[in-house]
Amino acid sequence: MKPPLLEVKGLKVSVAGKQILRGIDLSVAAGTVHAIMGPNGSGKSTLSHVLTGREGYRVEAGTARFCGKDLLSLPAEERAREGVFLAFQYPVEIAGVTNKYFLKAAYNALRKHHGQPELSAGDFLKHVKKKAQLVEMDPALLNRDVNFGFSGGEKKRNEILQLAVLEPRLCLLDETDSGLDIDALKIVARGINALRDPERAFVVVTHYQRLLDYVEPDFVHVLAGGRIVKSGGKELALQLEKEGYGWLEAAQA
Amino acid sequence: MIEGARRSARWRLAERGLPRPGDEDWRFTPLAAILGKSYTAARPAGLTEAELEGLCLAPLDGYRLVFDNGRLAAELSRLPQGLRCGGLADEIDEALLLGPEEAGFGALAAARFCDGPYVVIPKGMKLDAPLHVVTVATSAEEQPREAHYRGVVVLEPGAEAVIVEEAVGRGGGEFFTNSVTRCELAEGSRLELYRLMRETEPLVSVHGLRARLGRDAGLRSHVVGLGGALARCDADVVLAGEGCEAELNGLYLACRRQHLDFHTRVVHAVPRGRSRELYKGVLDGQARSVFDGLVEVLPGAQKTDAHVYNKNLLLSEGGLAHTKPEFKIHANDVQCRHGATVGQLSEDALFYLRSRGVGTAQARSLLVYAFASEMLGRMALTKVREALARRIEAASGLEGA
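Those sequence lines, one after another, are chains C and U. So for the first sequence, our numbering puts the first residue at 40; every next one is plus one. So for the second sequence, our numbering puts the first residue at 1150; every next one is plus one.
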């Protein structure tokens, strides 16, 4: 059997002296979709940030391996080049750099890492336009500054476009559904579904069940108090939707 | 005639003197780096076409006036036919050389005047290509050298021109360049004026733009501060005709121990003038910058609409930006806004770029480019804009750029 794409073991993480993750175990195989759900403050965002190399987090124990490689020892850009992608909850606005330019810089950094020659401007544009179509994004957004003045829906769609262009193997989606109306949510979900692939895995971090109506998970994990307290199939998401998180906290107490 | 003009300037200088370290206008400028030396007048270094091209930011098609250590290099210049354009030394009279308001370094430039551009764009004429005015300072190791320029640009009513002033330098010795460019914009004329400060690092310079705008005239200035150990660039702009408009743009990138210094004074003397000023700076290493932007609205200059902004990006612990946008308002029906910021690269933006595989150094230069691109976007000359963009992109942080 192939090793899992992502293997997290006993991961304990603190921020500014406060322990947030208290021992996470998670194994994600290629081709699967995992949902991580949990109340606010349970450590969902910390998990996605620490896996993608954001500074300011202290790993106190545990490991995270990606395709067998020690992920936690790599700087953020190396992880991205290896094939780990984070769709941000709050995509950052960068006035002064066009979307196209930014995507090209990122795409060529990846190609260079894999020993491939940089793509010419023309070939790159073809590649991006195809992907923009796939995620139903107006190509005009490519010429605008990165996320600058984008609506909430456009920002999230832009994250999915980046995902489509960079073709990562592991996609972490951090609260991608937050701030979206139902139409935008459907478009984003269609984009994600279009990118599902036997070689690619998704970890969908979300507070609410509604994205999972459109992106069907294979596994659902409930994160509470820095631990995965329950794992199950997609029916677990429905149970959480119906009963909220209260019963979990009651069970923990 | 030229000797007489120089003599008057010497009197003026003797009367009013050079700035002193305690003067408000020179408080943050390390004057000792300029005044504490004894300079001898530079002689032409025999600059060649190939050398010149290597020194300029970008080869610009069109007209060119080249000054080699203070003197017009006629063989390197390409002058437009049929209009007055050349070295001021050939045309000099006292009124051109020394405005009544000149003192300090401006008077010094007249007293030790070598040469400078003299351009008259006749009534209603649109200069069909940019005029590139290059001053080249070639230093000598053994002895500090100096060159003093005074230039005059006249746009007659309805005339239009694009002028690129570029100051470059070479050699490892000390060199002091002191220059003033006077611009007269008559009714309805338009001038887009670039000032590219690209001296090498032992060089020091003081430059002043003095512009006077007539009715409905438009000045668009782009000051780009890149080079020099100490470079000071002042702009004095008088909005003297109703409905005229001045846009002052600045972009400076300083590193190591460079000191880049910008003092602007915009005077709204008549009603319905509009001025827009934005200077943006990036500081790395131990670099210092000064921005002092004063707008004066004189009594009666109603309906004045003026903005002054200065924004700085610090890339290092050692960088320091002084900033002082300021208004003096003597009219009551005006719209005036000002602001200043000093900030650092956004950690969020850095992480965002890195999380997409962009390396830290490239991410930093991309964000510097993003900060600067607002100013580049205002430049109409594609070649200048693109050459500057390449320069900024190529640098990962400014050190070693």
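Backbone N, C-alpha and C define an ideal beta-carbon position, used for all residues, glycine too.
Checklist entry - Per DSSP, which one or two residues make a beta bridge with C/Phe128? => result Within the first sequence, numbered from 1, the residue matching residue 128 of chain C stands at position 89. According to the sequence shown, residue 128 of chain C is Gln rather than Phe. Its beta-bridge partners do not exist; DSSP assigns none.
Next on the checklist: Once the 5 residues before and after U/Gly1236 are set aside, which same chain residues still bring their CB inside 6 Å of it?
Outcome noted: For the purposes of this step, residue 1236 of chain U is taken as the residue at position 87 of the second sequence. Leu1221, Asp1264.
Item to check | Terminal residues of the beta strand (DSSP E) in which U/Tyr1212 lies | outcome: By one-based count along the second sequence, residue 1212 of chain U stands at place 63. Here the beta strand (DSSP E) through U/Tyr1212 covers 1212-1217.
Item to check | chain C contact residues for U/Gly1508, given Cβ-Cβ distances below 8 Å | outcome: Stepping through the second sequence from its first residue, residue 1508 of chain U is reached at position 359. Ordered by position in chain C, the residues that pass the 8 Å Cβ test against U/Gly1508 are Glu116, Ala148.
Checklist entry - Just reading off the alpha helix (DSSP H) that U/Glu1496 is part of, what are its end residues? => result What you label residue 1496 of chain U is simply residue 347 of the second sequence in a count that begins at 1. Residues 1496-1503.
Next on the checklist: If we require 3 or more residues per run, which beta strand (DSSP E) segments fall completely within the region 150-174 of chain C?
Outcome noted: Restricting attention to beta strand (DSSP E) runs no shorter than 3 residues, the region 150-174 of chain C encloses none.
Checklist entry - So the beta strand (DSSP E) C/Ala240 belongs to, where does it begin and stop? => result Position 201 of the first sequence, counted from the first residue, corresponds to residue 240 of chain C. Start and end: 240-245.
Checklist entry - With distances taken from CA atoms, which of U/Met1528, U/Arg1347, U/His1417, U/Asp1277 is nearest U/Ala1286? => result Along the second sequence, read from residue 1 onward, the residue named residue 1286 of chain U stands at position 137. U/Ala1286 has its Cα closest to that of U/Arg1347, out of U/Met1528, U/Arg1347, U/His1417, U/Asp1277.
Item to check | chain U contact residues for C/Ala144, given Cβ-Cβ distances below 9 Å | outcome: The count along the first sequence starts at 1 and reaches residue 144 of chain C at position 105. Neighbours of C/Ala144 on chain U, chain order: Leu1502, Arg1505, Gly1506, Val1507, Gln1511, Ala1512, Leu1515.
Checklist entry - Buried or exposed: U/Ala1194, going by 16 or more other Cβ atoms within 10 Å of its Cβ? => result On the second sequence, residue 1194 of chain U is found 45 positions in, with the first residue counted as 1. Burial call: buried.
Next on the checklist: Since U/Glu1295 and U/Ala1190 should fall inside the 8 Å C-beta cutoff, what is the C-beta to C-beta distance between them, to a whole number of angstroms?
Outcome noted: The count along the second sequence starts at 1 and reaches residue 1295 of chain U at position 146. The count along the second sequence starts at 1 and reaches residue 1190 of chain U at position 41. At roughly 6 Å, the Cβ-Cβ gap stays under 8 Å, so U/Glu1295 and U/Ala1190 are in contact.
Next on the checklist: Quick check: is the beta carbon of U/Ala1519 nearer than 7 Å to any beta carbon in chain C?
Outcome noted: Counting from one through the second sequence, the residue named residue 1519 of chain U turns up at place 370. Yes, its Cβ sits closer than 7 Å to a Cβ of chain C.
Checklist entry - Which same chain residues, not among the five before or five after U/Gly1491, have their C-beta less than 6 Å away from its C-beta? => result For the purposes of this step, residue 1491 of chain U is taken as residue 342 along the second sequence, with counting starting at 1. The sequence given here places Val at residue 1491 of chain U; Gly does not occur at that position. Only Asn1461, Ala1470 meet the Cβ criterion.
Checklist entry - Exposed or buried, which one is U/Leu1547 when buried takes at least 16 other CB atoms within 10 Å? => result Position 398 of the second sequence, counted from the start, is the residue given in the question as residue 1547 of chain U. Any reading at U/Leu1547 needs caution, since the residue's pLDDT is 48, under 50, leaving its predicted position unreliable; the model's value is listed next. Answer is buried; the Cβ neighbour count reaches 16.
Item to check | Nearest-angstrom Cβ-Cβ length linking C/Val67 and C/Val242, presumed shorter than 8 Å | outcome: In the first sequence, residue 67 of chain C corresponds to position 28, counting from 1. In the first sequence, residue 242 of chain C corresponds to position 203, counting from 1. Contact between C/Val67 and C/Val242 holds, with the beta-carbon distance rounding to 6 Å and staying under 8 Å.
Checklist entry - Which residue from C/Leu173, C/Gln58, C/Leu209 puts its Cα closest to that of C/Pro43? => result One-based indexing of the first sequence puts residue 43 of chain C at position 4. With distances taken between Cα atoms, C/Pro43 lies closest to C/Leu209.
Next on the checklist: Going by the DSSP bridge assignment, what does C/Gln58 pair with across the sheet?
Outcome noted: Against the first sequence, residue 58 of chain C aligns to sequence position 19. Residue pairing from DSSP places C/Gln58 in a beta bridge opposite C/Ser53.
Item to check | Cβ-Cβ separation, U/Ala1512 to U/Leu1499 (assumed contact under 8 Å), whole Å | outcome: Counting from 1 along the second sequence, the entry for residue 1499 of chain U is found at position 350. Counting from 1 along the second sequence, the entry for residue 1512 of chain U is found at position 363. With a Cβ gap of about 5 Å, U/Leu1499 and U/Ala1512 count as contacting.
Next on the checklist: Once DSSP output is grouped into helix, strand and coil, what is the label at U/Pro1420?
Outcome noted: Sequence index remark: in the second sequence, residue 1420 of chain U carries index 271 (1-based). Secondary structure at U/Pro1420: coil, using DSSP grouped into helix, strand and coil.
Checklist entry - Can you tell me whether U/Ser1288 is buried or exposed, with buried defined as 16 or more other CB within 10 angstroms of its CB? => result Translated into positions along the second sequence, residue 1288 of chain U becomes position 139. Classification of U/Ser1288: buried, given that the 10 Å Cβ count is 16 or more.
Checklist entry - Is U/Leu1345 helix, strand or coil when you go by DSSP? => result As a position in the second sequence, residue 1345 of chain U is number 196, starting the count at 1. It is a strand residue.
Checklist entry - Since U/Ala1536 meets chain C, which of its residues come closer than 7 Å, beta carbon to beta carbon? => result Reading the second sequence from its first residue, position 387 is the one you call residue 1536 of chain U. Under a criterion of Cβ atoms nearer than 7 Å, no residue of chain C is adjacent to U/Ala1536; the nearest Cβ is some 17 Å distant.
Item to check | Residues that C/Gly107 contacts on chain U, provided the C-beta gap is smaller than 9 Å | outcome: Reading the first sequence from its first residue, position 68 is the one you call residue 107 of chain C. Result: empty, since nearest Cβ-Cβ is about 20 Å, beyond 9 Å.
Item to check | Cβ separation of U/Asp1497 and C/Val131, assumed to be a contact under 8 Å, to the nearest whole Å | outcome: Here residue 1497 of chain U refers to the residue found at position 348 of the second sequence. Here residue 131 of chain C refers to the residue found at position 92 of the first sequence. Yes, they are in contact, since the Cβ atoms of U/Asp1497 and C/Val131 sit about 5 Å apart, within 8 Å.
Item to check | Residues that C/Gln201 contacts on chain U, provided the C-beta gap is smaller than 8 Å | outcome: The residue given as residue 201 of chain C occupies position 162 in the first sequence. Result: Arg1505.
Checklist entry - Quick one: what does DSSP say U/Ala1550 is sitting in, helix, strand or coil? => result The residue given as residue 1550 of chain U occupies position 401 in the second sequence. Confidence at U/Ala1550 is low in this model, with a pLDDT of 37, below 50, so the placement of that residue should be treated as unreliable; the coordinate-derived value is given next. Looking at U/Ala1550 - three-state DSSP - the assignment turns out to be coil, as it is neither helix nor strand.
Next on the checklist: According to DSSP, simplified to helix, strand and coil, what is U/Gly1236?
Outcome noted: Counting from 1 along the second sequence, the entry for residue 1236 of chain U is found at position 87. U/Gly1236: strand per DSSP, three-state reduction.
Checklist entry - Can you name the residues that DSSP bridges to U/Ser1331? => result In the second sequence, counting from the first residue as 1, residue 1331 of chain U sits at position 182. Reading off the sequence shown, one finds Arg at residue 1331 of chain U, where the question assumed Ser. Partner(s): U/Val1301, U/Arg1359.
Checklist entry - Under the rule that 16 or more other beta-carbon atoms within 10 Å means buried, what is U/Arg1369, buried or exposed? => result By 1-based counting over the second sequence, the position of residue 1369 of chain U is 220. So U/Arg1369 counts as buried.
Next on the checklist: Can you give me the C-alpha to C-alpha distance between U/Val1386 and C/Val54, rounded to a whole angstrom?
Outcome noted: Looking up residue 1386 of chain U in the second sequence gives position 237. Looking up residue 54 of chain C in the first sequence gives position 15. Going by the C-alpha atoms only, they are around 53 Å apart.
Checklist entry - Using 8 Å as the Cβ pair cut-off and three pairs as the minimum, do the region 71-85 of chain C and the region 253-273 of chain C touch? => result Yes, they touch.
Next on the checklist: Quick check on C/Phe3: does DSSP put it in helix, strand or coil?
Outcome noted: Only positions 40 to 292 of chain C appear in the structure, and residue 3 of chain C is not among them; the question remains open.
Next on the checklist: Please identify, using Cβ separations under 9 Å, the residues of the region 216-245 of chain C that lie next to chain U, in order along the chain.
Outcome noted: From the region 216-245 of chain C, no residue has a Cβ closer than 9 Å to chain U.
Checklist entry - Quick one: is C/Ile16 near chain U, going by C-beta distance under 7 Å? => result Not covered by the structure: residue 16 of chain C. The range shown for chain C is 40 to 292.
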